[in-house]
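Residue numbers (our numbering), protein chains in the order written: chain R, 1 to 342; chain V, 1 to 342.
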DNA sequence: AATTTAGGCTAAAACGTTTTAGTTCTTTTC
DNA sequence: GAAAAGAACTAAAACGTTTTAGCCTAAATT
């Protein structure tokens, strides 16, 4: 059984292809198609189960009503939630989302952009990797709007980005730890050159400094990105081995690192918060349910997704070469969720 | 800056559109295009940054090299992992994946199928909702292959499905609990008419029966699908309130329910496994890290994804109306992961 | 009565590819 | 020396839409 096309309907209804098209696109009235013909066509179309071919439509109109979403890894809770919120929000504008994961690989990211561009998506929401700014600028030059999420390029203020206020979030967490009397605060971050993580790191140092505390290199662990689970775990275990003595608190800078941290703490049988206070950037079911429950700086994931979509939609509506607003960076506030771990 | 098309290249290289097409599709040799022209065209194409328009290509060839993936909810860990494994596997065959979530809503699922069909995906991998079999059969009739995952339609053996052996998995879990001496085993499931959950329930009863134990209705809690977090939690709390007396073990039939269960156990301060043994169908970071660690029946998520893709690819290769193999149901074995909770 | 306007439709081009069937030379073959 | 074969390309149709420009008839206006 073959798909039915607009001309099948035209033939069966005894009208022209154009007429059918007008009816299907609610332009029948404007095009002065008579009531009878409209009804006839609608009836035949329903009867034959007609569904317009979006490829053809997209080819003709240049619009696919699709946005390309590139995240780091769709199987990560943070990105999965973000993706869902973007999918839901896009639906409200009658847009479909095509997702893919970069696995934080620059080359793969480039390939994905290519692939989405070949598929003629109307716009992009991208969690960028390093060195992707050129490719992204090229998209903008082709008049395909892009909104970055979670990360951004500080040297490219013209590329809009929606993200949590990383500096402010970590600052708030640090202030809280210090306020509670902790002084030997360890930090676990992930190796990356990207600005959002640098902002988090900078906040850590700045707050320490502001309180007259010296950042101590031995308290800062940067886990290599490519290390496997076991290796990464080992690093964290090593850092926390002296908990209670040289370390009295630890701040994990991502969701993934926090989970790793819990594993290490469990392994070392560290008492939390007795021997070690724990704080993590990014929430996760596990932090809510672990014993003790883990305090977190929570990103407004849904809000990020929504804002990213609405920003993109605005750009998509812009008829021609309207000038982009210069203040393209949107930072949303993070919440400090106080739980038992500190 | 406009996109460059095949005819831009043709013009610039001083050849015909067909020649360019042949070169771009590696048919140049077969079509006896001279070495010089091939090089010329390739050079111009590279220089102009040509990227074939997949809409046009798809329209012409009828193949989009895209598969549509419909899951229940992409933000759920199980589906997110499954989606990632499908994406990765599809990539090996040079196929792209378009995902969407049904939220377990029949109507939404239908809409999604429609949308994917309009976008001319070549095949589908679907986590079906209830009453979707007709729509799926329609796809098959249109010669669009479908593979179900996680769930299936028992009355439609002709629709291929890849899923864990639910009956066997739950049986294995139950045997383990009974073997360990537990007799008052509670069950928490989610309300649904779908066969995969019925299989799990049936295994529970059958194993009890096989050991001369009477299934006790008061020990079985079926959480309504639509209930919110709080309401669902309340239900589980109520069931487990008598832990240590009327209940000595509990088997959660899904990932989500297990997480809910942990929350209830935490709230009630039940000692696990002292007062209550706990087992869950489906693994999750949380089960590995909670104290005590929770034993699970683990689904082979990656294998399901891979098998689903390879099954689909086989159908996609089939030239015409080859008869479908009748044994379309593929059940993969689940593992019992023994941890501290039992 | 001649022109305009309106009503109700349709023809055909265009979007960017792929692919079939040629076309035009040149070289072999008998 | 005519026919066949080969080499190197190209023209044009087709995929399924949307949309512009028009056609034809009937009614309204001058």
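C-beta atoms are modelled at their ideal positions from N, C-alpha and C, and glycine is treated no differently.
Values in this document were obtained by computation on a predicted structure and should not be read as measured data.
Exercise for the section: Can you tell me which of 14(V), 78(V), 301(V) and 312(V) puts its alpha carbon nearest to the alpha carbon of residue 45(V)? Expected result: Residue 45(V) sits at position 45 when you count from the first residue of the second chain. Taking each of 14(V), 78(V), 301(V) and 312(V) in turn and checking the Cα distance to residue 45(V), the smallest one comes out for 14(V).
Exercise for the section: Measure the C-alpha to C-alpha separation of residue 300(R) and residue 97(R) and round it to an integer number of angstroms. Expected result: One-based indexing of the first chain puts residue 300(R) at position 300. One-based indexing of the first chain puts residue 97(R) at position 97. One C-alpha to the other measures close to 21 angstroms.
Problem - Test: residue 115(V) CB closer than 8 angstroms to a CB of chain R - result: Here residue 115(V) is taken as the residue at index 115 of the second chain, counted from 1. Taking 8 angstroms as the CB threshold, residue 115(V) lines the interface with chain R.
Exercise for the section: Can you say whether residue 229(V) is buried or exposed, counting buried as having 16 or more other CB atoms within 10 angstroms of its CB? Expected result: Taking the second chain and counting its residues from 1, the one referred to as residue 229(V) is at position 229. The residue is exposed, with fewer than 16 neighbouring Cβ atoms inside 10 Å.
Problem - CB contact check: residue 263(V) to chain R, cutoff 8 angstroms - result: By one-based count along the second chain, residue 263(V) stands at place 263. Output row for residue 263(V): interface = yes.
Practice task
Could you work out which residues of chain V lie near residue 314(R), taking near to mean beta carbons separated by less than 9 angstroms?
Solution key: The residue labelled residue 314(R) in the question sits at position 314 within the first chain. The contacting residues do not exist; residue 314(R) stays about 21 angstroms from chain V at best.
Problem - Close beta carbons around residue 110(V), own chain, < 6 angstroms, minus the five adjacent residues each side - result: If you number the second chain from 1, residue 110(V) lands on position 110. So the list reads 135, once near-sequence residues are dropped.
Handout entry: Uninterrupted alpha helix (DSSP H) stretches inside the segment 48-90 of chain R (no shorter than 4 residues)
Key = The segment 48-90 of chain R contains these whole alpha helix (DSSP H) runs: 54-61.
Handout entry: CA nearest to the CA of residue 53(R), picked from 271(V), 64(V), 48(V) and 23(V)
Key = Counted from its first residue, the first chain places residue 53(R) at position 53. Ranked by how close their Cα comes to the Cα of residue 53(R), the residues 271(V), 64(V), 48(V) and 23(V) have 64(V) in first place.
Practice task
State the DSSP-derived secondary structure class of residue 179(V), mapped to helix, strand or coil.
Solution key: Residue mapping note: residue 179(V) aligns to position 179 of the second chain, counting from 1. Note: residue 179(V) maps to helix in three-state DSSP.
Handout entry: Inter-residue Cα distance where the pair is residue 21(V) and residue 123(V)
Key = Position 21 of the second chain, counted from the start, is the residue given in the question as residue 21(V). Position 123 of the second chain, counted from the start, is the residue given in the question as residue 123(V). Taking the straight line from one Cα to the other gives about 26 angstroms.
Practice task
May I ask you to report which of helix, strand or coil DSSP gives residue 103(R)?
Solution key: To locate residue 103(R), count along the first chain from 1; it is residue 103. DSSP places residue 103(R) in coil when its eight states are reduced to three.
Handout entry: Members of the segment 53-78 of chain R that neighbour chain V once the beta carbon cut-off is set at 9 angstroms
Key = Cβ contacts with chain V come from 53, 54, 55, 56, 57, 58, 59, 64, 66, 73, 74, 75, 76 and 77.
Problem - Span separating the alpha-carbon of residue 137(V) from that of residue 27(R) - result: As a position in the second chain, residue 137(V) is number 137, starting the count at 1. As a position in the first chain, residue 27(R) is number 27, starting the count at 1. Answer to the nearest angstrom: the Cα atoms are 33 angstroms apart.
Handout entry: Residues of its chain near residue 296(R), where Cβ-Cβ distance is below 6 angstroms and the 5 sequence neighbours each way are ignored
Key = Translated into positions along the first chain, residue 296(R) becomes position 296. These residues qualify, in order along the chain: 280, 283, 287 and 337.
Problem - Every unbroken beta strand (DSSP E) within the segment 252-330 of chain R, with a cutoff of 3 residues, ordered by chain - result: Here the runs fully enclosed are 277-281 and 295-298.
Handout entry: Stretch pair the segment 162-182 of chain V + the segment 205-223 of chain V: three plus CB contacts closer than 8 angstroms
Key = Contact holds: three or more Cβ-Cβ distances are below 8 angstroms.
Problem - Minimum length 4: unbroken alpha helix (DSSP H) runs contained in the segment 172-257 of chain R - result: Along the segment 172-257 of chain R, the alpha helix (DSSP H) occurs as fully enclosed runs of 4 or more residues at 195-210 and 229-240, listed in sequence order.
Practice task
Tell me whether the beta-carbon of residue 100(V) lies closer than 8 angstroms to the beta-carbon of residue 87(R).
Solution key: As a position in the second chain, residue 100(V) is number 100, starting the count at 1. As a position in the first chain, residue 87(R) is number 87, starting the count at 1. With a cutoff of 8 angstroms on beta-carbon distance, residue 100(V) and residue 87(R) are scored as near each other.
Handout entry: Proximal residues to residue 18(V) (C-beta, below 6 angstroms), its chain only, five neighbours per side dropped
Key = As a first step, residue 18(V) must be located in the second chain, where it is residue number 18. Within the same chain, residue 18(V) has no close Cβ partners at all.
Handout entry: Residues of its chain near residue 218(R), where Cβ-Cβ distance is below 8 angstroms and the 5 sequence neighbours each way are ignored
Key = Looking up residue 218(R) in the first chain gives position 218. Taken in chain order, the residues that qualify are 246.
Problem - Extent of the continuous alpha helix (DSSP H) run through residue 163(V) - result: Position 163 of the second chain holds residue 163(V). Counting along the chain, no alpha helix (DSSP H) covers residue 163(V); the unbroken beta strand (DSSP E) around it starts and ends at 161-164.
Exercise for the section: Pick helix, strand or coil for residue 92(R), following the three-state DSSP scheme. Expected result: The residue given as residue 92(R) occupies position 92 in the first chain. If DSSP states are grouped into helix, strand and coil, residue 92(R) belongs with the helices.
Exercise for the section: Have a look at 276(V), 310(V), 274(V) and 149(V) and flag the residue whose alpha-carbon is nearest the alpha-carbon of residue 82(V). Expected result: The sequence position of residue 82(V) within the second chain is 82, counting from 1. Ranking 276(V), 310(V), 274(V) and 149(V) by Cα distance to residue 82(V) puts 149(V) first.
Problem - Any C-beta of chain V under 8 angstroms from that of residue 95(R) - result: Working through the first chain from its first residue, we reach residue 95(R) at position 95. No, residue 95(R) lies away from the interface with chain V (no Cβ there is under 8 angstroms from its Cβ).
Handout entry: Nonlocal neighbours in the same chain, by C-beta distance under 6 angstroms from residue 133(R), ignoring five residues either side
Key = To locate residue 133(R), count along the first chain from 1; it is residue 133. The beta carbon of residue 133(R) is closer than 6 angstroms to those of 153 and 156 in its chain, skipping five residues each way along the sequence.
Problem - DSSP state of residue 43(R) mapped onto helix, strand, coil - result: Here residue 43(R) refers to the residue found at position 43 of the first chain. Here residue 43(R) sits in helix by DSSP.
Practice task
Identify the contact partners of residue 271(V) in chain R, using a Cβ-Cβ distance below 7 angstroms as the criterion.
Solution key: Taking the first residue of the second chain as position 1, residue 271(V) is located at position 271. In chain order: nothing, as chain R lies at least about 12 angstroms away.
Handout entry: Three-state secondary structure (DSSP) of residue 14(R)
Key = Here residue 14(R) refers to the residue found at position 14 of the first chain. Here residue 14(R) sits in coil by DSSP.
Problem - DSSP-derived helix/strand/coil call for residue 150(R) - result: Within the first chain, residue 150(R) is the residue found at index 150, counting from 1. Looking at residue 150(R) - three-state DSSP - the assignment turns out to be coil, as it is neither helix nor strand.
Practice task
Answer yes or no: does any C-beta atom of chain R fall closer than 8 angstroms to that of residue 29(V)?
Solution key: If you number the second chain from 1, residue 29(V) lands on position 29. Not a single CB atom of chain R sits nearer than 8 angstroms to the CB of residue 29(V).
Exercise for the section: Quick one: residues in its chain with C-beta nearer than 6 angstroms to the C-beta of residue 340(V), no 5 flanking neighbours on either side, listed in chain order? Expected result: Sequence index remark: in the second chain, residue 340(V) carries index 340 (1-based). Contacts found: 292 and 293.
Practice task
Out of 190(R), 332(R) and 145(R), point me to the one whose CA is closest to residue 235(R)'s CA.
Solution key: Locating residue 235(R) in the first chain gives position 235, counting from the first residue. When the alpha-carbon of residue 235(R) is set against those of 190(R), 332(R) and 145(R), the nearest one is in 190(R).
Handout entry: N- and C-terminal bounds of the alpha helix (DSSP H) containing residue 135(V)
Key = Mapped onto the second chain, residue 135(V) falls at position 135. Boundaries of the alpha helix (DSSP H) harbouring residue 135(V): 133-141, taken from the DSSP string.
Handout entry: Three-state secondary structure assigned by DSSP to residue 112(R)
Key = Locating residue 112(R) in the first chain gives position 112, where the first residue counts as 1. Look at residue 112(R) here: in three-state DSSP terms it is helix.
Practice task
Check the C-beta distance from residue 68(V) over to residue 116(V) and give it rounded, since I have them as a contact under 8 angstroms.
Solution key: To locate residue 68(V), count along the second chain from 1; it is residue 68. To locate residue 116(V), count along the second chain from 1; it is residue 116. Between residue 68(V) and residue 116(V), the beta carbon gap of about 4 angstroms places them in contact (Cβ cut-off 8 angstroms).
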